[in-house]
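Numbers 20 to 409, taken from the working numbering, label the letters of the sequence shown in order. Here a beta-carbon is modelled for each residue, glycine too, at the ideal position from N, C-alpha and C.
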Amino acid sequence: MKDEHLEALLGHFKQLSASGTLVKLTLSKPRVKSNSLRNVFVKPVYIKGVRQLSFVYSEDNKHRTQNFSEEQAIDVLRQLLGGFRAANLLGIQADYEWLSSKNGTSRLTFRPVDSGREANLSHDREKKRFLDPRKPYWFSLGITSRDGVVLPSMQHKFKQVDKYIGLLDPLLPEEHKGILRVVDMGSGKGYLTFAFFEHLKARYGNNISVTGVEQRSELVELTNQIVLDHHLDGLSFVKGSIESFKLQHADVLIALHACDTATDDAIAAGIHIGASVIVCAPCCHKQIRREMLESAEKLPLFRYGILLERQAEILTDTLRALIMEKYGYKTRIAEFIDAEHTPKNIMLAGIKKKMRNGGERIDDQIAGLKAYYGITTHYLETALAKLKLL
Ligand SMILES: C[S@@+](CC[C@H](N)C(=O)[O-])C[C@H]1O[C@@H](n2cnc3c(N)ncnc32)[C@H](O)[C@@H]1O
């Protein structure tokens, strides 16, 4: 006879898996005590951007793993469950327990995830002014446990993104007519993109469109899957390279730690499209460092590697800011988080002014700095030239 509780459990499993809110399924209590297969643990995994279900079989104290598609997983589970008397299904918002007696009768119980955990979280929330770690996509992104507590290993990243949003917020327009379009260049695993989307949604409602641009297709597939799972209309990720991405329109362009000159390509794209706000946190500064090295003989300032590196950072970002000023942006440079979180803690922001002025004076400043440090070109100039802006 069909076990309707078991079928209901499989139905819940399918629904949790499809909505990206499955945490884990554990099969325990083998029907035959001498059975070497003691437990099976099932968890969602992403392999090359495709969501699969990983089955870990615990047999004689050894573990063996097999991955299945969602459809296959249901069939495999139905067969496996015949050999077990207990199954615990954990979801983000609810848990289910299936128990089968020796004579074959069964029951299925349901328990919402403890709302008493709220109390513990309020402390966490006080510290995180902008983001709510209880949003289920933070769990899917691997930032929190399923009940919305930031994992110890991800505290730094979550704080970094939260602070970044904190500095971005006052640069945003008070109100926006029509859709506010945002592009995140080099979006990677999407932490900043999801965070900014969350913040903009709270601030402007549905009139937002946030796009992450990323060159690694597996990351694009992964982040788009999480968007689908959580029905985040207005957020999407596209595969592309920053330098050749055909940007149609953007009010706000952001980039967090896009590598080396990818930051320049991002700024150039923002200038080209006339974005009202451009904010980036640069990553490494190799291009200017290489150029500076060539004049290392002449300047004693460059004799020490670490000082050369710091000078390269300062010079790269000063020139970026000056070039942005030349194109009509009022710029600001600030630390967005303590250096203990990341040494790459500089944020360069540009707000588009109505009028461009001071072009010649800025040209002189740029030329003077470059001459002093023996630099021929800053890559941002090259990127602007490619866009026929220089
Ligand atoms: C250090 S990660 C930062 C990711 C994300 N912004 C964050 O902070 O969580 C840099 C990301 O930029 C992407 N990237 C670097 N250069 C790129 C380019 N030219 N075009 C597109 N993506 C690029 C990398 O693949 C990587 O995922």
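For residue i, the first and last residue of its enclosing alpha helix (DSSP H)
i	result
residue 183	174 to 187
residue 207	Counting along the chain, residue 207 falls outside any alpha helix (DSSP H), and DSSP gives it neither H nor E.
8 Å Cβ cutoff, residue i in contact with chain C
i	result
residue 300	In summary, chain C is missing from the structure at hand, where a single protein chain is found.
Three-state secondary structure (DSSP) of residue i
i	result
residue 103	strand
residue 485	The structure shown does not extend to residue 485, since the chain is modelled only from 20 through 409, so no value can be given for it.
residue 401	helix
residue 30	helix
residue 149	coil
residue 309	helix
residue 134	Low confidence applies here, because residue 134 scores a pLDDT of 44, under 50, leaving its location unreliable and the question unanswered by this model.
residue 37	helix
residue 408	coil
residue 95	helix
residue 318	coil
residue 126	strand
residue 109	strand
residue 44	strand
residue 191	coil
residue 266	coil
residue 23	helix
residue 219	helix
residue 358	coil
residue 139	Only weak support exists for where residue 139 lies, its pLDDT of 39 falling under 50; the value from the coordinates is given anyway. Three-state DSSP puts residue 139 in a helix.
residue 144	Because residue 144 sits at a pLDDT of 42, beneath the cut-off of 50, its placement in the model cannot be relied upon, and the following sentence gives the value as read from the coordinates. Of the three classes helix, strand and coil, the one that applies to residue 144 here is helix, per DSSP.
Span of the beta strand (DSSP E), counted from its first residue to its last, around residue i
i	result
residue 58	56 to 66
residue 69	69 to 78
residue 114	113 to 119
residue 236	Counting along the chain, residue 236 falls outside any beta strand (DSSP E), though it belongs to the alpha helix (DSSP H) covering 236 to 248.
residue 328	Taken as a continuous stretch (DSSP letters only), residue 328 belongs to no beta strand (DSSP E), being part of the alpha helix (DSSP H) at 324 to 345.
residue 87	81 to 87
residue 164	Segment: none, residue 164 is in no beta strand (DSSP E) and carries neither H nor E.
residue 159	Residue 159 -> not in any beta strand (DSSP E); alpha helix (DSSP H) instead, spanning 155 to 159.
residue 353	348 to 354
residue 231	227 to 233
Ignoring anything shorter than 4 residues or poking outside the stretch 364 to 395, list the alpha helix (DSSP H) runs there in chain order. Within the stretch 364 to 395, the runs of alpha helix (DSSP H) at least 4 residues long that lie entirely inside it are, in chain order, 378 to 392.
Across the stretch 188 to 199 and the stretch 221 to 236, are there enough close Cβ pairs to call them in contact, namely three or more that are closer than 8 Å? Flag = yes, the stretch 188 to 199 and the stretch 221 to 236 touch.
The stretch 318 to 332 / the stretch 340 to 360 touching (three or more Cβ pairs under 8 Å): By the Cβ criterion, the stretch 318 to 332 is not in contact with the stretch 340 to 360, since fewer than three pairs of Cβ atoms, one from each stretch, lie closer than 8 Å.
Assess contact between the stretch 244 to 258 and the stretch 270 to 281, defined as three or more Cβ pairs (one per stretch) separated by less than 8 Å. Is contact present? No, the stretch 244 to 258 does not touch the stretch 270 to 281.
Unbroken stretches of the alpha helix (DSSP H), 4 residues or longer, contained in the stretch 272 to 307: Counting only unbroken stretches of 4 or more residues, the alpha helix (DSSP H) elements lying wholly within the stretch 272 to 307 are 281 to 292, in sequence order.
Can you confirm whether the stretch 232 to 239 touches the stretch 294 to 306 when touching is taken to mean that 3 or more C-beta pairs between the two stretches lie within less than 8 Å? No, the stretch 294 to 306 does not touch the stretch 232 to 239.
When you compare the stretch 45 to 56 with the stretch 101 to 117, are there three or more beta-carbon pairs, one atom per stretch, that lie closer than 8 Å? Yes: at least three Cβ pairs fall under 8 Å.
Stretch pair the stretch 172 to 184 + the stretch 213 to 222: three plus CB contacts closer than 8 Å: Yes: at least three Cβ pairs fall under 8 Å.
Quick check: the stretch 151 to 166 against the stretch 334 to 343, are there 3 or more CB pairs under 8 Å? Taking 8 Å as the limit for Cβ pairs, the verdict is that the stretch 334 to 343 does not touch the stretch 151 to 166.
How do the stretch 86 to 98 and the stretch 30 to 39 stand: do at least 3 beta-carbon pairs fall below 8 Å, yes or no? Cβ pair count under 8 Å is three or more, so yes.
Are the stretch 393 to 404 and the stretch 307 to 315 touching, with three or more C-beta to C-beta distances below 8 Å? Three or more beta-carbon pairs drawn from the stretch 393 to 404 and the stretch 307 to 315 are found closer than 8 Å, and the two stretches are therefore classed as touching.
At least three beta-carbon pairs within less than 8 Å, the stretch 360 to 380 to the stretch 244 to 252: Touching, no, given that fewer than three Cβ pairs across the two stretches are closer than 8 Å.
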